[in-house]
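Some notes on the structure that comes next.
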Amino acid sequence: MSFQSAYQPHAINGQLDLRDWNAEESHTITLDGQWEFYAHAWLINDENDQASPAGSPQFIQVPGNWNDALQPDNPTPYGYGSYRLRMLVNPDNDFTYSIRIPSVRSSSALFVNGRLLAKSGQPAASAEDYVAWNIPYSASFTANGSSIIEVVVQVANYKDSRKSGIIRSMKFGTEAAIARESQLSMAIQQLVAVVFLMNGVYALILFMVGNHDRRLLYFSLLTFSGMLMNLLGSDEKILHAWLPLNYEWGFKLVYISMVGVAYALLQCVINQLPALWRKFALGFIVLCGAAACLGLLLPVHYLVIVQPLYVLLMNVSILIVIGTMLRTSMKDMKDNAFLLLSLVALTSHFAWWAILMAAGVNTMYYPFDLIISTACFASVWFRHYFQVHTETKQLAAKLQRADKLKDEFLANTSHELRNPLHGMLNISQAVLEREQRSLDKKSVRDLETVLYVGRRMSLMLNELLDVMSLRENVPRLQFRTFAIQSIASGVLDMLHYMTEGKPVKLINHLPSNFPQVLADENRVIQILFNLLHNAVKFTNEGEVSIRGAARNGKAYLTISDTGIGMDEETMQRMFDPYEQANPDKTMIEGGFGLGLSISKQLVELNGGTLQARSVPGQGSEFVFTLQLSSETDERENITHKEIQASDRSAASDVAASSSLSDAIPGHSLIRTDRPRILVADDDPINLKVLETILSLEHYDIMTVTSAKQALVALDAKEWDLVISDVMMPQMSGYELTRMIRKRFTLTELPILLLTARSQSEDIENGFLSGANDYVTKPMDALEVRSRVKALTDVKQSARERLRMESAWLQAQIQPHFFFNTLNTVAALSEIDLDRMRSLLEAFSNFLRDKFRFDNIDELVMIEEELNIVRSYLYIEKERFQERLRITWEIDDCEQLKIPLLTIQPLVENAIRHGIMKRARGGEIGIRISNYETYVEIMVEDDGVGMDEAIMSNLLERQQGNTSGIGLLNTDLRLKRHFGSGLQIINKPGYGTSISFIVPT
36 MSFQSAYQPH AINGQLDLRD WNAEESHTIT LDGQWEFYAH AWLINDENDQ ASPAGSPQFI
96 QVPGNWNDAL QPDNPTPYGY GSYRLRMLVN PDNDFTYSIR IPSVRSSSAL FVNGRLLAKS
156 GQPAASAEDY VAWNIPYSAS FTANGSSIIE VVVQVANYKD SRKSGIIRSM KFGTEAAIAR
216 ESQLSMAIQQ LVAVVFLMNG VYALILFMVG NHDRRLLYFS LLTFSGMLMN LLGSDEKILH
276 AWLPLNYEWG FKLVYISMVG VAYALLQCVI NQLPALWRKF ALGFIVLCGA AACLGLLLPV
336 HYLVIVQPLY VLLMNVSILI VIGTMLRTSM KDMKDNAFLL LSLVALTSHF AWWAILMAAG
396 VNTMYYPFDL IISTACFASV WFRHYFQVHT ETKQLAAKLQ RADKLKDEFL ANTSHELRNP
456 LHGMLNISQA VLEREQRSLD KKSVRDLETV LYVGRRMSLM LNELLDVMSL RENVPRLQFR
516 TFAIQSIASG VLDMLHYMTE GKPVKLINHL PSNFPQVLAD ENRVIQILFN LLHNAVKFTN
576 EGEVSIRGAA RNGKAYLTIS DTGIGMDEET MQRMFDPYEQ ANPDKTMIEG GFGLGLSISK
636 QLVELNGGTL QARSVPGQGS EFVFTLQLSS ETDERENITH KEIQASDRSA ASDVAASSSL
696 SDAIPGHSLI RTDRPRILVA DDDPINLKVL ETILSLEHYD IMTVTSAKQA LVALDAKEWD
756 LVISDVMMPQ MSGYELTRMI RKRFTLTELP ILLLTARSQS EDIENGFLSG ANDYVTKPMD
816 ALEVRSRVKA LTDVKQSARE RLRMESAWLQ AQIQPHFFFN TLNTVAALSE IDLDRMRSLL
876 EAFSNFLRDK FRFDNIDELV MIEEELNIVR SYLYIEKERF QERLRITWEI DDCEQLKIPL
936 LTIQPLVENA IRHGIMKRAR GGEIGIRISN YETYVEIMVE DDGVGMDEAI MSNLLERQQG
996 NTSGIGLLNT DLRLKRHFGS GLQIINKPGY GTSISFIVPT
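Heads up: the sequence shown runs through residues 36 to 1035, numbered per the numbering used here.
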């Protein structure tokens, strides 16, 4: 498409003869040729004043580079100058002419016959006064009867290092012709931009609502970047008319959009590249990122220097895409023909755009290759969409068939399992009834547990059958009038077993005079059971209640709880079959996720609705409606449908579970002289199973239903093993393990985790939290016994070592202590017989207590320990006299029990390593403070203290080092008995304070 006349004269020596040109043909011509050029001079000083040219002009080719003409000896793009052209026109033509200037680097002003008509930026003789701005502009004027039109273009450039001056062809014609050509070019560019934008937005929407194919994102980036290049890099640069972009940012955005096109093109085909080329592609992507950063950070004059990098990136990506698509098309031309045509058209557009820009040729904007490219690419995606849609329909049909087969399989499996399950239940029930008097209590409870677990499994199987029955619309309901209060009370009684060991109250708020309802009684029992069972399951503490209100002929029954609540995502899918709350969030697992779905369908079959409200962390509320009974209904039960024959009812399947209260673990079977095991699991059945498995071994077992209760039990007594379920409410088994490890090492208190999953990440997380071992559920009895025995043996070995070490320490008397005491006795025999006898008595008491091994591992009255301390201090006082000062502060705590030899080692340590290290001696204080819940025992001295290196390792066992073993042994025994050890406060040069706490 051309708007230029076939008549195209050229300027010669600064003059263009247009006297034979017919302007009425509505065509434009270019002002190409030889123009006069005045380097470093203005022909016009300001808007009106003419200036005398500095020297004779030189002639320069327009369009072209002014570098050589500006400074012949040292070509440079930087400077200023004036272009002048004289056009000879027919004075008889009374036309309004117009000149179109597409690009002058990097600022220009247009003067016609000495008058300023338009400018881009602010050309100036100095860089300080100059403003860069290079956008197309037009100016209109008349010849006013003159035969000569003088055109002066004053140009300045101090920023762009590329070839500068008038680098694109200027156009001349009538005002109408120039305007028509410019407006058409702008309209076409705007149309292309809109097409690009629509396709980019369309691809982005498909990505967000579809299958999240990342190629859609890359296609969006490609179209947006191409649109930006089109609006900023084409002849009209129309984005500058919409946004207030300065010269620098207009320049930067062009280069950044080039990077975007290169990156997006490569990403569209990267998966089709050979493996070797993909490594190169990753480097290319990194290079694109670096180029984008350079485009943002570098100033324009530096950015121009690295321009070849951006051109290289685009060309390389285009070549890679073309090569890849050719390779792909050869394999399957039918499926890739449109995509190949699209890329060829797009490549053709950008290639010709680059060539025309480099040559300075100014042509009408040509959009057809872009339109063809977009249409072909859209065709590819539409074809892909319809293909995916067809495949989706086929997959949906297959899934429906698979879903039906799955339901049939579950139904058949449920039927097949029910017969042997009920046989087992019947035999167990018969044995329990027949042998109840001859069996001991424990055996009776075990059989009741078997019955309970079997009935729970039967309930799950019945739910599977209900799902099939409801989907096939088989159940026929028998409506009758009944009181909902009695039904609610019965269901609450059935569920009391679930609250054993949990601080949860089941409350029935239905008034005794609540109106009767008309519904299928068995189905209402099932609805209430499912909703209340769900509420109790997800409530760790608080209450689960049922309320009712009657209005407008309907009963509104509300089941509310104070449990963990549900988030919006869970609320949206909670009534779907097989949907369950995420066990990673709730720490609760088990079941098929059918209860709520069945309840909703049963409520609707009874003519009501079921709705739910929930706040995470505060609880949930389920409200369902039933029809109230009328007086006629009360006189005569109207049967609308007969219930299908069934070999079970919702109540009979679960009623017997209420008799199992004794079987729910939440108690302790502790006896002495056996390994003590603490078991934590929120499922009472799991607790009972574990207790039964371990009952054949010689263990003392205590069960708790939460991690918090386990932590309380740890403070109450010493344990040899902790068995914890991983998934527990409020605090997981992992967190419980981490908290235990803050107090006990792996050997001081082993931990066995129970997990329903055996994936590597679960096992790794367990070991990282501090567990010794794990067992996967469902548990194998032999495996559990073997692992428990191994871990309790570890604890018993550690305990025996500690006991032997304590006995060894107890038997040790330092030789110098023994000899010094005898020397003191000998000296006193000559000067003071009474003191000698007292010293011998104290020494005798001390030796007698030191050599008692019968109660080394048990607690003794604190007075026994204090007697040893007094004997020891009496001996040391006789020896050191005034160098040793003793203070006592003892509250009343006569009934307190502590391990033997816990205070005396602290006193001995204070005297030997603290006070007696000073020549002047010092003071030791023994303080026993009785608080409400504990007694604090402290030994402090004003000796030399300890150095930081010794202090840091004092309570850590070092291989082959017996120094400080007395304090370490004391610390370990205190931790074993009371859960906490020695607390040491050290001030080097001022003394040491060692204390420990005994719970009361």
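Backbone N, C-alpha and C fix where the C-beta goes; we use that ideal spot for every residue, glycine too.
**OP:** Use the C-beta contact count for G1024: other C-beta atoms within 10 angstroms, 16 or more gives buried, fewer gives exposed.
**Re:** The sequence position of residue 1024 within the sequence shown is 989, counting from 1. The residue in question, G1024, is exposed, as its Cβ has fewer than 16 Cβ neighbours within 10 Å.
Subject >> Distance between I720 and S703 (C-alpha atoms, nearest Å) >> reply: As a working note, residue 703 is residue 668 in the sequence shown. As a working note, residue 720 is residue 685 in the sequence shown. No answer about S703 holds up, because its pLDDT of 44 lies below 50 and its placement is not dependable.
**OP:** Note the first and the last residue of the continuous beta strand (DSSP E) segment covering M766.
**Re:** Position 731 of the sequence shown holds residue 766. No beta strand (DSSP E) holds M766; DSSP gives it neither H nor E.
Original post:
Does the pairing of the stretch 133-149 with the stretch 200-216 give three or more beta-carbon distances under 8 Å?
Top reply: yes
**OP:** Could you tell me which residues DSSP puts in a beta bridge with F207?
**Re:** Taking the sequence shown and counting its residues from 1, one reaches residue 207 at position 172. In the DSSP output, where bridge partners are listed per residue, F207 has I64 and I134.
**OP:** Verify the CB distance criterion: does M774 have a CB-CB separation below 8 Å to chain D?
**Re:** Note that chain D does not occur in the displayed structure, where there is just one protein chain.
Original post:
Cα separation between K830 and R776?
Top reply: Counting from one through the sequence shown, the residue named residue 830 turns up at place 795. Counting from one through the sequence shown, the residue named residue 776 turns up at place 741. So the alpha carbons of these two residues sit roughly 15 Å apart.
**OP:** Look up R1015 in the DSSP assignment and say whether it is helix, strand or coil.
**Re:** Sequence index remark: in the sequence shown, residue 1015 carries index 980 (1-based). The question names Arg, but residue 1015 in the sequence shown is Ser. Coil, per DSSP.
Original post:
Do A327 and I355 come within 8 Å of each other at the CB atom, strictly closer than that value?
Top reply: As a working note, residue 355 is residue 320 in the sequence shown. As a working note, residue 327 is residue 292 in the sequence shown. The answer is no: Cβ separation not under 8 Å.
Original post:
Taking Cβ to Cβ, would you say M973 is nearer than 8 Å to T1027?
Top reply: Translated into the one-based positions of the sequence shown, residue 973 becomes position 938. Translated into the one-based positions of the sequence shown, residue 1027 becomes position 992. No, these two residues do not count as a Cβ contact at 8 Å.
Original post:
Which stretch, first to last residue, makes up the alpha helix (DSSP H) that contains R648?
Top reply: The residue you call residue 648 lines up with position 613 of the sequence shown. No alpha helix (DSSP H) holds R648; the beta strand (DSSP E) holding it covers L645 to V650.
Original post:
Quick one: Cα of R121 to Cα of Y113, how far?
Top reply: As a working mapping, residue 121 is identified with position 86 in the sequence shown. As a working mapping, residue 113 is identified with position 78 in the sequence shown. Cα to Cα, R121 sits roughly 26 Å from Y113.
Subject >> Pairwise C-alpha distance: S155 and I170 >> reply: Translated into positions along the sequence shown, residue 170 becomes position 135. Translated into positions along the sequence shown, residue 155 becomes position 120. Roughly 6 Å separates the two Cα atoms.
Subject >> CA-to-CA distance, Q422 to A690, given in whole angstroms >> reply: Along the sequence shown, one-based indexing puts residue 690 at 655. Along the sequence shown, one-based indexing puts residue 422 at 387. Unreliable placement is indicated for A690, whose pLDDT of 32 sits below 50; no coordinate value is reported for it.
Original post:
What number of angstroms, rounded off, separates the C-alpha of L145 from the C-alpha of P98?
Top reply: Residue 145 sits at position 110 when you count from the first residue of the sequence shown. Residue 98 sits at position 63 when you count from the first residue of the sequence shown. Cα to Cα, L145 sits roughly 16 Å from P98.
Subject >> Close Cβ partners of G652 (< 8 Å) along its chain, the five nearest in sequence each way excluded >> reply: Along the sequence shown, read from residue 1 onward, the residue named residue 652 stands at position 617. For G652, where only same-chain residues beyond five positions count, the Cβ hits under 8 Å are I599 and G600.
**OP:** Could you pull the start and end residues of the beta strand (DSSP E) that N965 belongs to?
**Re:** Residue numbering aside, residue 965 sits at position 930 when the sequence shown is read from its first letter. Counting along the chain, the beta strand (DSSP E) containing N965 begins and ends at G957 to N965.
Subject >> Among I522, L527 and D129, nearest to F549 - alpha-carbon criterion >> reply: Taking the first residue of the sequence shown as 1, we reach residue 549 at position 514. Closest by alpha carbon: I522.
**OP:** Classify Q1018 as buried or exposed, calling it buried when 16 or more other Cβ atoms lie within 10 Å of its own Cβ.
**Re:** Within the sequence shown, the letter at position 983 stands for residue 1018. Classification of Q1018: exposed, given that the 10 Å Cβ count is below 16.
Original post:
Looking only at its own chain, which residues have a Cβ that is under 7 Å from the Cβ of K635, when we skip the five neighbours before and after it?
Top reply: Along the sequence shown, read from residue 1 onward, the residue named residue 635 stands at position 600. Closer than 7 Å at Cβ, skipping near neighbours: F610 and L645.
**OP:** State the Cα-Cα distance for the pair F517 and R586, rounded to the nearest angstrom.
**Re:** Working through the sequence shown from its first residue, we reach residue 517 at position 482. Working through the sequence shown from its first residue, we reach residue 586 at position 551. F517 and R586: Cα-Cα distance of roughly 18 Å.
Original post:
For the beta strand (DSSP E) that W77 lies in, which residues bound it at each end?
Top reply: Along the sequence shown, one-based indexing puts residue 77 at 42. Looking at the DSSP string, W77 is not in any beta strand (DSSP E), and its letter there is neither H nor E.
**OP:** Would you tell me roughly how many angstroms separate the C-alpha atoms of Q471 and T1005, rounded to the nearest one?
**Re:** Here residue 471 corresponds to residue number 436 of the sequence shown, with the count starting at 1. Here residue 1005 corresponds to residue number 970 of the sequence shown, with the count starting at 1. Going by the C-alpha atoms only, they are around 51 Å apart.
Original post:
Can you give the Cα-Cα distance for V147 and E271, rounded to whole angstroms?
Top reply: On the sequence shown, residue 147 is found 112 positions in, with the first residue counted as 1. On the sequence shown, residue 271 is found 236 positions in, with the first residue counted as 1. Distance between the alpha carbons of V147 and E271 is about 22 Å.
**OP:** Measure how close the beta-carbons of E900 and Q939 come, nearest whole angstrom, since I'm counting them as under 8 Å.
**Re:** The sequence position of residue 900 within the sequence shown is 865, counting from 1. The sequence position of residue 939 within the sequence shown is 904, counting from 1. Their Cβ separation, rounded to whole angstroms, is 7 Å, which keeps E900 and Q939 in contact under 8 Å.
Original post:
Are the CB atoms of E210 and T63 nearer to each other than 8 Å?
Top reply: Taking the first residue of the sequence shown as 1, we reach residue 210 at position 175. Taking the first residue of the sequence shown as 1, we reach residue 63 at position 28. Their beta carbons are not under 8 Å apart, which means E210 does not touch T63 by this criterion.
**OP:** Could you tell me the boundaries of the alpha helix (DSSP H) in which K912 lies?
**Re:** Taking the first residue of the sequence shown as position 1, residue 912 is located at position 877. Its alpha helix (DSSP H) spans residues I897 to F915.
Subject >> Segment limits, alpha helix (DSSP H) that includes D103 >> reply: Working through the sequence shown from its first residue, we reach residue 103 at position 68. First-last of the alpha helix (DSSP H) with D103: N102 to L105.
Original post:
Span of the alpha helix (DSSP H) holding N944?
Top reply: If you number the sequence shown from 1, residue 944 lands on position 909. Taken as a continuous stretch (DSSP letters only), the alpha helix (DSSP H) holding N944 covers I938 to H948.
**OP:** Count the CB pairs spanning the stretch 220-238 and the stretch 161-170 that are closer than 8 Å, and state whether there are at least three.
**Re:** no
**OP:** Starting from the Cα of H336, find the closest Cα among C323, F286 and V351 and give me that residue.
**Re:** Against the sequence shown, residue 336 aligns to sequence position 301. The shortest C-alpha separation from H336 is found at F286.
Subject >> Length of the line joining the Cα atoms of N944 and G978 >> reply: Locating residue 944 in the sequence shown gives position 909, where the first residue counts as 1. Locating residue 978 in the sequence shown gives position 943, where the first residue counts as 1. Going by the C-alpha atoms only, they are around 11 Å apart.
Subject >> Rounded separation between E770 and S804 - CA only >> reply: Position 735 of the sequence shown, counting from 1, holds the residue named residue 770. Position 769 of the sequence shown, counting from 1, holds the residue named residue 804. Their backbone Cα atoms lie some 7 Å apart in a straight line.
Original post:
So the alpha helix (DSSP H) S143 belongs to, where does it begin and stop?
Top reply: Residue mapping note: residue 143 aligns to position 108 of the sequence shown, counting from 1. Counting along the chain, S143 falls outside any alpha helix (DSSP H), though it belongs to the beta strand (DSSP E) covering S143 to V147.
**OP:** For L553, name the three-state secondary structure that DSSP assigns.
**Re:** Here the question's residue 553 lines up with position 518 in the sequence shown. Note: L553 maps to strand in three-state DSSP.
**OP:** Only counting runs of 4 or more residues, tell me where the alpha helix (DSSP H) segments fall wholly within the stretch 143-182, in order along the chain.
**Re:** none
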